[in-house]
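Q:
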Amino acid sequence: MDDFIDSLMFLKENLDVINKEKVIYLVEKNKEYILEIVSQGYEGEGIAKIDESFPIFIEDALKGEKVKVKIVKVKKNYAYGKLIDILKSSPERVGPVCSIYKRCGGCRLQHTTYKEQLDFKTERVKDCIVKIGKLNEDIVHNTIGMENPYRYRNKVQLPIGLKNEELQIGFFAPRTHDIIDMESCHIQDQIADKVVTLTRTWIKKNNIKPYNVDGHYDQSGIIRHIMVRRGFKTEEVMVVVVTNGEKLPHREEFINLMVDNIPGIKSIVQNINSKSTNVILGEKCITLWGSDTISDYIGKFKFNISPLSFFQVNPIQTEALYSKALEYANLTGDEVVFDAYCGTGTITLFLSQKAKKVYGVEIVPEAIENAKINAMDNGVDNVEFFVGESEKVIPDLISEGIKADVVVVDPPRKGCDKKLLEAISSIDAKRIVYVSCDPSTLARDLAILEELGYETKEVQPVDMFPQTAHVECVALIDKK
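The UniProt record's numbering puts the first residue of the sequence shown at 1, with every later residue one more than the last.
1) Distance check for GLU92 and LEU26, CA to CA, integer angstroms please.
2) So the alpha helix (DSSP H) ALA443 belongs to, where does it begin and stop?
3) Quick check on the DSSP output: the alpha helix (DSSP H) that includes ILE316 runs from which residue to which?
4) If you draw a straight line from the C-alpha of ASP193 to the C-alpha of ILE294, how long is it?
5) Helix, strand or coil, according to DSSP, for ALA367 in the structure here?
6) Any chance you could list the beta strand (DSSP E) runs of at least 3 consecutive residues sitting entirely within the segment 169 to 222, in chain order?
7) Does the segment 131 to 151 touch the segment 430 to 445, meaning 3 or more C-beta pairs lie closer than 8 Å?
8) When you compare only the Cα positions, how much space is there between PRO315 and ASP296?
9) Out of VAL239, GLU43, HIS177, point me to the one whose CA is closest to TYR211's CA.
10) Along the chain, where does the beta strand (DSSP E) containing SER274 start, and where does it finish?
11) Could you please give me the residues that DSSP links to SER267 through a beta bridge?
12) Identify the continuous alpha helix (DSSP H) that holds SER425 and give its terminal residues.
13) Alpha carbon to alpha carbon, what distance is there between LYS70 and ASP16?
14) Along the chain, where does the alpha helix (DSSP H) containing ASN256 start, and where does it finish?
15) Candidates HIS225, GLY264, GLU319, ASP381: which alpha carbon is nearest VAL213's?
16) Are the CB atoms of LYS302 and ASN378 nearer to each other than 8 Å?
17) Taking the C-alpha atoms as reference points, what is the distance between LEU308 and LYS204?
18) May I ask you to report which of helix, strand or coil DSSP gives MET227?
19) Just mark PRO174 as buried or exposed, buried being the case when its beta carbon has 16 or more other beta carbons within 10 Å.
20) I'd like to check one pair, ILE222 with residue 491: are the Cβ atoms closer than 8 Å?
21) Only counting the same chain, and skipping five residues up and downstream in sequence, which positions put a Cβ closer than 6 Å to that of MET9?
22) Per DSSP, which one or two residues make a beta bridge with GLU36?
23) Can you tell me which residues form a DSSP beta bridge with ALA340?
24) DSSP state of LEU87, grouped into three classes?
25) Could you give the first and the last residue of the continuous alpha helix (DSSP H) run that contains PHE311?
26) Less than 8 Å separating the beta-carbons of GLU391 and ASP417?
27) Which stretch, first to last residue, makes up the alpha helix (DSSP H) that contains ARG103?
28) In whole angstroms, give me the CA-to-CA distance for GLN270 and PHE120.
29) For ASN164, which residues from the same chain have a beta carbon less than 8 Å from its beta carbon, with the 5 sequence-adjacent residues on both sides left out?
30) Can you name, in chain order, every residue of its own chain whose Cβ lies under 7 Å from the Cβ of VAL313, other than the five neighbours on each side?
Right, dumping it as structure tokens:
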């Protein structure tokens, strides 16, 4: 018995070594392999397999390709490889339009056709619905795409820094504080490129020190970020310069540069952020020129947008998403609706067009203040907003005798709290419309709702962020 126990102890102590040796036997770090890409991962990376069970993840590789790969990291059950050469190319491969595509990391799918991007997102949603939700893939529709999948973003925030004493304005490289310098971003509004060029000229001419120096924060630096927001329908432009303190040298020159050269400029704001943090914006804003806000429309509704306001970055696809949510809600004018995680009330206002009454709930007080203003500005009087966690506020509303016929949820990436789903089920709401920014948590919550007596009828993916792996969905769920 003692020998047996000793053997078990030896095995336990050496299990990791044994497993590691097994992994090294399958693939070795720094060694090159010829591999076939059999599928795509959730981030768009190619997946090859050794012995049909050991996956190797390879960025920029596409399904169906034969590639030469260098192994860069080996784990117990998987490995990462770097693409060295494409021996057999996919017919869906295209040349990226962006010169810094591989270094920036913001766009993960520019190397494939847009049709293939949409197919990839549809398959990703189906995979989650089947494997996590245990539902039939036939309920998932093809992803709604864009006519032009470039230049769709109405907001850009760019860090500013020095690298080897050279000015950098661009995006952080993945998982670093290294700024990838850029002159043009193909998914941002073109007016942002012009603002970046003018800002670069102003900083260089006046030798203004950035806050980010060689990947580290320098408390003596002044300029942290430049942010540009533009109304898609109004064409109004806001420029925000984020500073490490209230000091802003050559302020008038900056203002004049923007006013004289940016069409549609309506607002120039200084945002102050003196904290040593990765958070981009501070709480204090000083309007240097023009208005405190700009405006834009989603559908027929007008929204005022401040530097700190949340507003969907792709207005074209936002309208498509919200229109589908309204269609799924199937309102006749007699229904009471709960809008959980309502944010600044954008979906709430859409629902108000065909509902008797809409109750919006959001945990962020500032968002609810914006929601109330948005409702007032648009003359909408059949909505009411509450601050708090949806999973707590909605049960309170139910206990007060307020019941909803239809519930709309638009949760953050982590999905809905189970208590909220149970509360919805307790009032026998006839229909739930679920707006999701993560197919995995959507599928998890759909499975919970199935157990609570609901049935998922349809899932509609919407491509809110072309060239990236992200996909949004709206799901129709009926009471069984």
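Cβ coordinates follow ideal geometry from the N, Cα and C atoms, glycine included.
A: To lay it out plainly:
1) 30 Å
2) 439 to 451
3) 315 to 329
4) 19 Å
5) helix
6) 179 to 181
7) yes
8) 9 Å
9) HIS177
10) Careful: SER274 lies outside any beta strand (DSSP E) and carries neither H nor E.
11) MET238, GLY290
12) 418 to 426
13) Residue placement at ASP16 cannot be trusted, given a pLDDT of 46 that sits under 50; the coordinates are not used to answer.
14) 251 to 261
15) HIS225
16) yes
17) 28 Å
18) strand
19) exposed
20) The question about residue 491 has no answer here: the residues shown for the chain are numbered 1 through 480.
21) Low local confidence applies: a pLDDT of 45 at MET9 is under 50, so the model's placement there is unreliable, with the coordinate-based value given in what follows. None.
22) LYS66
23) VAL361, VAL409
24) strand
25) No alpha helix (DSSP H) holds PHE311; DSSP gives it neither H nor E.
26) yes
27) 101 to 104
28) 41 Å
29) ASP214
30) ARG153, ASN154, LYS155
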